[in-house]
Ligand SMILES: N[C@@H](CCC(=O)N[C@@H](CS)C(=O)NCC(=O)O)C(=O)O
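In the working numbering, the protein residues as written are 52 to 270.
Pasting the structure below:
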């Protein structure tokens with residue numbers, strides 16, 4: 052049995068959960084893949100057992116049947132994309148794949164990553180995880196906001212960033228916008244195209260719409 056360790060509210064694990072959901076899979080009812088919920092707030096990702104699995108103490112992590120451990124969301128999503136479902140969200144030909152990659156990396160480095168840095172440098176729960184420089188939080192938020200017009204333009208007259216179907220770049224950009232809300236950046240205030248895009252993605256993939264962790268008594 053393959054196992055995917057996640058926190059259902061954290062952006063990087065959500066990439067994998069949304070990818071599978073977008074391909075029509077019920078993540079809690081898959082024949083060959085078990086989801087294990089790890090509570091970051093309770094520091095379950097820092098236990099000895101989890102650290103043995105992933106010395107980086109981050110989520111998501113995936114283990115394969117042959118014992119392979121994947122400890123990065125991009126690697127896990129590449130694997131899931133190829134193994135599950137017909138259509139590739141990474142792109143269906145060489146040029147499409149390269150364009151999805153470029154857009155995904157821009158969304159990741161300019162938007163999601165800057166919001167994550169802002170969170171790490173300002174939130175009390177991260178104080179024992181990183182050396183915090185609170186002034187860096189605002190700089191990072193500003194940098195993410197500065198990138199948004201690029202995406203507003205890319206969404207002009209279209210539903211998704213790269214092709215007429217949802218790709219992994221859309222998933223990462225949506226997660227960037229969604230995490231920005233934690234930093235009080237409202238996606239509705241940064242252009243009509245972004246607002247429309249966010250609403251549509253959120254309708255399908257918000258934390259509330261996605262399957263919840265099973266109650267402990269169910270396990
Ligand atoms: N490169 C990693 C980064 C993963 C990452 O930073 N995950 C966050 C959740 S979004 C985490 O596990 N944070 C726990 C912590 O910082 O203590 C990936 O993309 O998988």
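In this text, a Cβ means the ideal position worked out from N, Cα and C, and glycines have one as well.
Within 10 Å of its beta-carbon, does residue i have 16 or more other beta-carbons around it, so buried, or fewer, so exposed?
i	result
residue 268	Residue confidence is low: residue 268 scores 42 on pLDDT, short of 50, so the model does not pin down where it sits. No coordinate-derived value is stated.
residue 105	buried
residue 171	buried
residue 126	exposed
residue 142	buried
residue 162	buried
residue 177	exposed
residue 255	exposed
residue 6	Coverage of the chain is limited to positions 52 through 270, which leaves residue 6 absent and any answer about it impossible.
residue 155	buried
residue 67	buried
residue 182	exposed
What three-state label does DSSP hand residue i in the structure shown?
i	result
residue 159	helix
residue 121	strand
residue 225	helix
residue 268	Reliability fails at residue 268, whose pLDDT of 42 lies under 50, so the model's placement of it is uncertain and the value that follows must be treated cautiously. It is helical.
residue 127	helix
residue 88	strand
residue 112	strand
residue 200	helix
residue 191	helix
residue 132	helix
residue 219	helix
residue 182	coil
How would you write the range of the beta strand (DSSP E) that residue i sits in, first residue to last?
i	result
residue 210	Looking at the DSSP string, residue 210 is not in any beta strand (DSSP E), and its letter there is neither H nor E.
residue 272	Residue numbering for the chain in the displayed model covers 52 to 270; residue 272 lies beyond these limits and cannot be assessed.
Pick from the options: whose alpha carbon is nearest that of residue i?
i	options	result
residue 144	198, 218, 200, 123	218
residue 195	235, 206, 85	235
residue 148	250, 177, 129, 95	129
residue 180	94, 72, 82	94
residue 165	223, 257, 92	223
residue 237	192, 220, 216	192
residue 232	253, 114, 78, 101	253
residue 61	250, 249, 211, 225	225
residue 150	212, 83, 120	212
residue 55	69, 169, 86	86
residue 140	183, 70, 229	70
Residue i to residue j, Cα distance in whole Å?
i	j	result
residue 109	residue 152	23 Å
residue 189	residue 199	16 Å
residue 241	residue 247	11 Å
residue 298	residue 74	Within the shown structure, residues of the chain are numbered from 52 to 270, placing residue 298 beyond reach of any answer.
residue 64	residue 116	20 Å
residue 135	residue 186	43 Å
residue 208	residue 214	12 Å
residue 103	residue 118	13 Å
residue 111	residue 260	20 Å
residue 72	residue 124	15 Å
residue 58	residue 157	24 Å
residue 266	residue 206	A caution first: residue 266 carries a pLDDT of 48, below 50, which makes its placement in the model too unreliable to give a value.
residue 122	residue 88	15 Å
residue 244	residue 204	8 Å
residue 173	residue 167	10 Å
residue 263	residue 79	9 Å
residue 100	residue 53	17 Å
Hey, quick one: how far does the alpha helix (DSSP H) through residue i stretch, first residue to last?
i	result
residue 250	243-256
residue 99	99-104
residue 167	164-173
residue 66	62-73
When you measure from the CB of residue i to every non-hydrogen atom of ligand 2, does any distance come out below 7 Å?
i	result
residue 185	With respect to ligand 2, the structure shown offers nothing to examine, as its ligands consist of ligand 1.
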